[in-house]
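Residue numbers (my numbering), protein chains in the order written: chain A, 1 to 417; chain B, 1 to 276.
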């Protein structure tokens, strides 16, 4: 289009300079475009992508340890890993512990190493309290006299691993793995394994919600796409009103409706179907009902916009060729809705994976998803590394889905009502 | 979907039961939300029917109590500021994105939209750890920054949608008549894409008003917003003031929806092809 317009204006020049001018104009447009996008891109990189990258790095970052025990981290590098470390290493740890104890940093080391080997925290705090009693060599004997764990190779293996700049400990823990006493990666015992089941629970709940939204969303999208403009507008307004109502409001409303003396239980008792109120909230049922409600518009809107664009001629043609209504629907109509189903399902599934507020409010302890545990490790345990490791698994989960299916579903083109 | 005259009995049954199913699903969507509204005028302490009497006292508590008053103020401050920043940054970027094809455009668009797709808890955790270094946790600045980022995808999407029907030749015409690029933007581009910009701004504001995960991570006690206050309310006491707050938010959602609907109609009328 640029070509036609400029050709008329530049007909006095020869083709070559016209070409140049066009290229120059094209380039200027490009620079303008880049110039307009750059400010936002800088803000997003500095305040969004860098923080996310730093968070992900934190799940393997272990540099703080070597800062608190600097001499030990150097001395222990000479240790072969067989037998006990040499006297120099023992001297180094006594020196480091004296400073760390005075700076009140020793508890940090204890907490961190206890994550790898239970018992390290008490060992360090016990030894730390009387570390100043050790005035001189032999450090090895003196320290072992405090607690014979200092003469236990396993503690030194953990110490050596714990003083490296990076650690896989948290990432392994996030998928129920750990190091054994031989420094090999093994599964944690069954009674300690929780995260794999939390991750699979998250996927399971999200998948169930996706199917539920499809079951409920398909009929109403179909109805809206095929009804009179008046009804369609009315239903669209209702749907968008629900869509724009605060998540907290919708979650609260389900607690009120499903609680023991809520509308549903009262109605069921009144009609005599039940005599005792049913537990419908603060359990998995409540999570399904409330989350399906919250995410339903994300399924209906893309489905509806695809269904609107399906001409009714094909189904009619199939019927006129002798297909029964149901055959025509399954063989002709349904395949044409697949892009909408795909877009809606991806939207709902990805959103559901990251859900936190709704399950936290209407679910029980066994219905919490990965996001809940990220918040738990930040707020309750103050273990940022473990929170980051779980964050990484969540990001991998959503990211891989997006990479596999995202190409077929253009999120940027999604209509927002 | 009118029932054809030649419909069989089975067809008739299906026709009406399908309608019934659709109505039931809409009841599931709407009734729980609407059931909050009457209860917020209940004079009793209980959050269940039947109502004991009519009273405005929970609204009185919502608008005059210290905690809720602070939450309303915080929500308005954070919502308005993040809306302004998200709209300015998002609109300029959207104009750039739709102006020309440049290398890496698809990737950049994906990056700018990503806050919508990345789980909120990841955004919250990352910003919490990052802001801890900068001392931005428990500050308005930190919260406004976070909500600006969360609002940007909505502005980009709505503005891009209006720009698709914007005729860039108008910009060229303006420039050829001697207007500076800035003048062209404010006199020609902006009035044409105003409905998109305005709805993008509303989306950004609504996003901030509804956001609670990021607030939970990075806000201190004095920066609690309405949804944050509601979250602790639901967890702890379940007081009827929550219902008043919820009703106010439902009314807000209704007004927001109507405004967006008007904007959409206006934008359709503007961009209708000539002769229609």
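Positions of the beta carbon are idealized from the N, C-alpha and C atoms, including for glycine.
Could you check if residue i is buried or exposed, using at least 16 other CB atoms within 10 Å of its CB as the buried criterion?
| i | result |
| --- | --- |
| residue 46/A | exposed |
| residue 275/B | In this prediction, residue 275/B has a pLDDT of 43, which is less than 50 and means its spatial position is unreliable; what the coordinates show is noted afterwards. Exposed: under 16 other Cβ atoms inside 10 Å. |
| residue 16/A | exposed |
| residue 132/B | exposed |
| residue 224/B | buried |
| residue 1/A | Reliability fails at residue 1/A, whose pLDDT of 39 lies under 50, so the model's placement of it is uncertain and the value that follows must be treated cautiously. It counts as exposed. |
| residue 140/A | buried |
| residue 5/A | In this prediction, residue 5/A scores a pLDDT of 45, lower than 50, which makes its location untrustworthy; no coordinate-derived value is stated. |
| residue 28/A | exposed |
| residue 192/B | buried |
| residue 52/B | exposed |
| residue 19/A | exposed |
| residue 8/A | Confidence at residue 8/A is low in this model, with a pLDDT of 46, below 50, so its placement is unreliable and the value that follows should be read with caution. Exposed: under 16 other Cβ atoms inside 10 Å. |
| residue 135/B | exposed |
| residue 50/A | exposed |
| residue 313/A | exposed |
| residue 165/A | exposed |
| residue 427/A | The question about residue 427/A has no answer here: the residues shown for chain A are numbered 1 through 417. |
| residue 360/A | buried |
| residue 204/A | exposed |
| residue 16/B | exposed |
| residue 156/B | buried |
| residue 62/B | buried |
| residue 77/A | exposed |
From the DSSP output, which residues share a beta bridge with residue i?
| i | result |
| --- | --- |
| residue 61/A | 166/A |
| residue 41/B | Beta-bridge pairing links residue 41/B to no other residue. |
| residue 185/A | 179/A |
| residue 54/B | 42/B |
If residue i and residue j are in contact, beta carbons under 8 Å, what's the gap, nearest whole angstrom?
| i | j | result |
| --- | --- | --- |
| residue 104/B | residue 159/B | The pair is not a contact, with the Cβ atoms about 20 Å apart (cut-off 8 Å). |
| residue 209/A | residue 292/A | 6 Å |
| residue 246/A | residue 170/A | That belief does not hold up - the Cβ atoms of residue 246/A and residue 170/A are roughly 35 Å apart, past 8 Å. |
| residue 131/A | residue 97/A | 5 Å |
| residue 154/A | residue 181/A | 5 Å |
| residue 197/B | residue 87/B | 6 Å |
| residue 85/B | residue 30/A | About 26 Å separates the two Cβ atoms, so there is no contact after all. |
| residue 154/B | residue 207/B | 6 Å |
| residue 46/B | residue 243/B | About 11 Å separates the two Cβ atoms, so there is no contact after all. |
| residue 259/A | residue 281/A | 6 Å |
| residue 37/A | residue 77/B | Actually they are not in contact, since the Cβ atoms of residue 37/A and residue 77/B sit about 28 Å apart, beyond 8 Å. |
| residue 331/A | residue 343/A | Going by Cβ atoms, the distance from residue 331/A to residue 343/A rounds to 22 Å, so no, they are not a contact pair. |
| residue 196/A | residue 290/A | Rounded, the Cβ-Cβ distance is 26 Å, inconsistent with contact. |
| residue 112/B | residue 152/B | 6 Å |
| residue 345/A | residue 214/A | 6 Å |
Could one say the Cβ of residue i lies closer than 8 Å to chain D's Cβ atoms, at least one of them?
| i | result |
| --- | --- |
| residue 13/B | Note that chain D does not occur in the displayed structure, where the protein chains are A and B. |
* Near-chain A residues of the region 249-272 of chain B - C-beta to any C-beta below 9 Å -> Listed in sequence order: 249, 250, 252, 253, 254, 256, 257, 258, 260, 261, 264.
* Asked: Between the region 26-35 of chain B and the region 206-219 of chain B, do at least 3 Cβ pairs fall closer than 8 Å?
  -> They do not touch, by the three-pair rule.
* Which residues, taken in chain order from the region 280-307 of chain A, show a beta carbon closer than 8 Å to some beta carbon of chain B? -> Within the region 280-307 of chain A, the residues whose Cβ lies closer than 8 Å to some Cβ of chain B are 293, 296, listed in chain order.
* **Positions along the region 250-264 of chain A whose CB lies within less than 8 Å of some CB in chain B** => Those would be 250, 251, 252, 253, 254, 255, 256, 257, 259, 261, 262, 263, in chain order.
* Is the region 342-359 of chain A touching the region 371-379 of chain A, taking contact as three or more C-beta pairs under 8 Å? -> Cβ pair count under 8 Å is three or more, so yes.
* Asked: Hey, is the region 79-99 of chain A in contact with the region 146-158 of chain A, meaning 3+ C-beta pairs nearer than 8 Å?
  -> Touching, yes.
* Taking only beta carbons into account, state which residues of the region 126-142 of chain A come closer than 9 Å to chain B, listed in chain order. => So nothing in the stretch comes that close.
* What residues in the region 43-55 of chain A have a beta carbon less than 8 Å from any beta carbon of chain B? -> Contact annotation: in the region 43-55 of chain A, residues whose CB is within less than 8 Å of a CB in chain B are 43, 44, 47, 48, 49, 50, 51, 52, 54, 55.
* In chain order, what residues of the region 191-220 of chain A put their CB closer than 7 Å to some CB of chain B? -> Going along the region 191-220 of chain A in chain order, one finds 216, 219, 220 with a Cβ nearer than 7 Å to chain B.
* Given 8 Å as the limit, is there contact between the region 235-251 of chain B and the region 222-240 of chain A, that is, 3 or more CB pairs closer than that? -> Fewer than three pairs of CB atoms, one per stretch, sit closer than 8 Å, so the region 235-251 of chain B makes no contact with the region 222-240 of chain A.
* Selection of the region 18-45 of chain B by Cβ proximity to chain A, strictly under 9 Å -> The region 18-45 of chain B vs chain A, Cβ under 9 Å: 18, 19, 21, 22, 25, 26, 28, 29, 30, 31, 32, 33, 34, 35, 36, 39.
* To do: Spell out a yes or no on whether the region 230-245 of chain A and the region 386-399 of chain A are touching, meaning 3 or more CB-CB pairs, one atom from each, closer than 8 Å.
  => Fewer than three pairs of CB atoms, one per stretch, sit closer than 8 Å, so the region 230-245 of chain A makes no contact with the region 386-399 of chain A.
* At a cut of 8 Å, does the region 153-173 of chain B reach the region 85-105 of chain B through at least three beta carbon pairs? -> Result yes; three or more Cβ-Cβ pairs closer than 8 Å.
* Asked: For the region 344-361 of chain A, which residues have a CB atom closer than 7 Å to at least one CB atom of chain B, in sequence order?
  -> From the region 344-361 of chain A, only 350, 353, 354, 356, 357, 361 have a Cβ closer than 7 Å to chain B.
* **At least 3 beta-carbon pairs within less than 8 Å: the region 301-313 of chain A vs the region 336-352 of chain A** => Look at the beta carbons and you see the region 301-313 of chain A touching the region 336-352 of chain A: at least three pairs across the two are nearer than 8 Å.
* To do: Take every Cβ of the region 118-131 of chain B, pair it with every Cβ of the region 54-63 of chain B, and state whether three or more of those distances are shorter than 8 Å.
  => Too few Cβ pairs lie closer than 8 Å, so no.
* Asked: Relative to chain A, which residues along the region 72-88 of chain B have a C-beta separation below 7 Å, given in chain order?
  -> Listed in chain order, the positions of the region 72-88 of chain B with a beta carbon within less than 7 Å of a beta carbon of chain A would be empty, since no residue qualifies.
* **chain B contacts made by the region 360-385 of chain A, where a contact means CB separation under 7 Å** => Those would be 361, 371, 374, 375, 378, 384, in chain order.
* Residues of the region 164-192 of chain A whose Cβ lies closer than 7 Å to any Cβ of chain B, in chain order -> Within the region 164-192 of chain A, no residue has a Cβ lying closer than 7 Å to any Cβ of chain B.
* Asked: Taking any Cβ of chain A, which residues in the region 218-229 of chain B have a Cβ under 7 Å from it, in chain order?
  -> Answer in chain order: 227.
* **Meets three-Cβ-pair contact criterion under 8 Å: the region 255-265 of chain B and the region 66-74 of chain B** => The region 255-265 of chain B is not in contact with the region 66-74 of chain B.
* To do: Output, in sequence order along the chain, the residues in the region 112-130 of chain B whose CB is closer than 9 Å to any CB in chain A.
  => Going along the region 112-130 of chain B in chain order, one finds 112, 113, 114, 115, 116, 117, 118, 119, 120, 121, 122, 123, 124, 125, 126, 127, 128, 129, 130 with a Cβ nearer than 9 Å to chain A.
* **Residues of the region 141-157 of chain B with Cβ closer than 9 Å to any Cβ of chain A, in chain order** => Listed by position, the residues of the region 141-157 of chain B near chain A (Cβ gap below 9 Å) are 145, 146, 148, 149, 152, 153, 154, 156, 157.
* Output, in sequence order along the chain, the residues in the region 96-107 of chain B whose CB is closer than 7 Å to any CB in chain A. => Listed by position, the residues of the region 96-107 of chain B near chain A (Cβ gap below 7 Å) are 96, 97, 99, 100, 102.
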